[in-house]
Structure formats: C-alpha cells, structure tokens
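Asks:
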C-alpha cells in the first residue's frame, strides 16, 4: 500500500473519531456545544474527513465536510469574541 493512501486513511479515521467523539461528549453532557473544544473537534474532524473524501472522489461527502468546516470556523470566531451574540441555552 502506498504511503499516501495510508496517511489519507489514518486522517479519515482520525476525522471520524473526532466527530463521533464530539457528538458523544455533548450528548453525555461532558462537553458544551459552544465550547472551544467542541468547535475544534468539529473543525478538525470535518477537515480530516474532507481530505479523505476528496482523495477518494466522494464529492458529496467532501462538500458536506467543507460546510462542516465552515460552521466550525464560525463557531471558533464566535467563541473568540466571547458571549456576544450567543443564543441562551434554554432557547436552543
């Protein structure tokens, strides 16, 4: 197996683990959906899966992950600005 294929597969598995981990931690109440860690896990998970999907030509999945990364960037920018514009927890 080519080294590039191995790296792309490892990156894809890491992306999957980050996204599933973030979802599981929020569902279990161990992480808040607006936390920096949640946003970083989603941003990197989406980016890693985007690389994997694009490499294998899975364009619908790659496009989904482009959007996922965009949402992660917006979340990080909001977290960097503080609580301004944040939706109250009871409204979500």
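Residue numbers (full-length UniProt numbering): 1 to 92. Glycine residues also receive a C-beta, built at the ideal position from the N, C-alpha and C atoms. Predicted model only: the values in this text are computed from it and were never measured.
For residue 42, tell me which candidate among 25, 5 and 10 has the shortest Cα-Cα distance.
Replies: Within the chain shown, numbered from 1, the residue matching residue 42 stands at position 42. It is 25 whose Cα lies nearest to the Cα of residue 42.
Asks: When DSSP labels each residue in this structure, what does residue 56 get in the three-state scheme?
Replies: For the purposes of this step, residue 56 is identified with residue 56 of the chain shown, where counting begins at 1. Three-state result, residue 56: coil.
Asks: Mind checking whether residue 75 and residue 38 have CB atoms under 9 Å apart?
Replies: Start at 1 with the first residue of the chain shown, and residue 75 comes out as number 75. Start at 1 with the first residue of the chain shown, and residue 38 comes out as number 38. Cβ atoms of residue 75 and residue 38: closer than 9 Å.
Asks: Let me know if residue 1 comes out buried or exposed under the rule of 16 or more other beta-carbons within 10 Å of its beta-carbon.
Replies: Taking the chain shown and counting its residues from 1, the one referred to as residue 1 is at position 1. Exposed, since its Cβ has fewer than 16 Cβ neighbours within 10 Å.
Asks: Where do the ends of the alpha helix (DSSP H) carrying residue 3 lie?
Replies: Working through the chain shown from its first residue, we reach residue 3 at position 3. Element bounds for residue 3: 3–27.
Asks: Classify residue 63: buried if its beta carbon has 16 or more other beta carbons within 10 angstroms, exposed otherwise.
Replies: One-based indexing of the chain shown puts residue 63 at position 63. Per the 10 Å Cβ criterion, exposed.
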